[in-house]
Amino acid sequence: MTYRTRFQYLLDKATDITQEARAFLPSDRRLPPLFFVTDPARTPHPEDIAALLPAGTGIIYRHFGEPHALQRARLLRKIANDHDLILLIGEDDALAIEVGADGVHLAQKSLPRIAELHRKHPHLKLSAACHDLDTLMHMADDTPLQAVFVSPVFASRSASAQNAAALGAKGVHDYTAATGLPVYGLGGITCDTIGGLRDCGLAGIGAVDAFHIVD
17 MTYRTRFQYL LDKATDITQE ARAFLPSDRR LPPLFFVTDP ARTPHPEDIA ALLPAGTGII
77 YRHFGEPHAL QRARLLRKIA NDHDLILLIG EDDALAIEVG ADGVHLAQKS LPRIAELHRK
137 HPHLKLSAAC HDLDTLMHMA DDTPLQAVFV SPVFASRSAS AQNAAALGAK GVHDYTAATG
197 LPVYGLGGIT CDTIGGLRDC GLAGIGAVDA FHIVD
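All letters in the sequence shown, in the order written, are residues 17 to 231 by my numbering.
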């Protein structure tokens with residue numbers, strides 16, 4: 017299938033799988049049901065992928081200090097505007113503000129920043145990574161997050177997932193049952209595996225390799 021068809025398939029499946037959980041989300045906690053999560057090694061040209069995404073998809077741009085982050089973020093912001101996409105910037109609220117991004121995505125280590133970020137930039141949408149159930153259970157349901165990304169759902173090539181066991185559908189359900197926050201699944205999710213996440217209680221899905229294109 018073409019790249020556009022593949023990405024539309026992912027969005028359609030994510031929308032279907034998350035429909036029940038999203039029905040109960042208040043309007044201020046609604047992010048797209050599907051996110052393209054960038055990775056400098058696996059998706060080195062995210063702007064090429066972003067231009068092919070269907071309307072209603074989200075992008076999390078994680079620059080990890082790359083030298084041209086500002087220029088790339090500006091380009092992604094323009095593409096997002098043109099294609100009705102949502103753009104979050106990983107870890108970097110200053111960059112998010114400069115380019116007019118919709119929000120910020122935080123690593124788990126940055127969870128203590130949530131309250132301050134929300135106070136300083138109440139208009140920004142916030143999401144965060146969470147890699148263990150104990151951390152999630154200690155987060156209050158009124159924490160100002162629009163999404164909590166749990167991972168790895170399936171075996172993943174991500175560096176952060178190398179020493180972590182895949183959660184699987186049952187593990188994901190344990191996370192969604194433990195919180196009132198919107199839970200998104202990330203890690204190893206492709207066109208072949210996404211169907212296994214039905215009835216897990218997810219409010220959304222993120223993927224990296226599923227959006228890979230050949231340069």
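Beta carbons: idealized from backbone N, C-alpha and C, even for Gly. Since we're looking at a predicted model, the values are computed, not measured.
- In chain order, P198, A219 place their CB closer than 7 angstroms to the CB of L41, counting only its own chain and leaving out the 5 sequence neighbours on each side.
- Contact between F165 and I205 does not hold, since the beta-carbon distance rounds to 11 angstroms and is not under 8 angstroms.
- For F23, there is no enclosing beta strand (DSSP E); the enclosing alpha helix (DSSP H) has its first and last residue at 19-38.
- At a Cβ-Cβ threshold of 8 angstroms, P70 and F23 count as neighbours.
- Counting along the chain, L86 sits inside the alpha helix (DSSP H) bounded by residues 85-99.
- Looking at the DSSP output, I76 bridges to V53, L104.
- For A180, same chain residues with a beta-carbon under 8 angstroms away, outside a window of 5 residues either side, are H147, S167, P168 in chain order.
- Rounded to the nearest whole angstrom, the CA to CA distance from R214 to I33 is 5 angstroms.
- The C-beta distance from A89 to I105 rounds to 6 angstroms, short enough to meet the 8 angstroms contact threshold.
- Per the DSSP secondary-structure output, L142 pairs in a beta bridge with V120.
- Within the DSSP secondary-structure output, G201 pairs in a beta bridge with V166, I221.
- Excluding five sequence positions before and after A112, the CB atoms of its chain that fall closer than 6 angstroms to its own CB belong to I105, V120, given in chain order.
- In this structure, L92 sits near I75, with a CB-CB distance shorter than 8 angstroms.
- Nearest C-alpha to L202 among L183, F80, L68: L183.
- Minimum Cα-Cα distance from I229 among the listed residues A39, F80, R58 corresponds to R58.
- Excluding its 5 nearest sequence neighbours in each direction, Y25 has C-beta neighbours in its own chain below 8 angstroms: M17, C207, listed in chain order.
- Your pair A185 and C216 checks out as a contact, with CB atoms roughly 5 angstroms apart and the cut at 8 angstroms.
- Counting other Cβ atoms within 10 Å of its Cβ, D118 reaches 16 or more and is therefore classed as buried.
- Take the alpha-carbon of L152 and the one of E114: they are about 30 angstroms apart.
- Within the same chain, and ignoring the five residues on either side of P56 in sequence, the residues whose Cβ sits closer than 7 angstroms to its Cβ are F80, E82.
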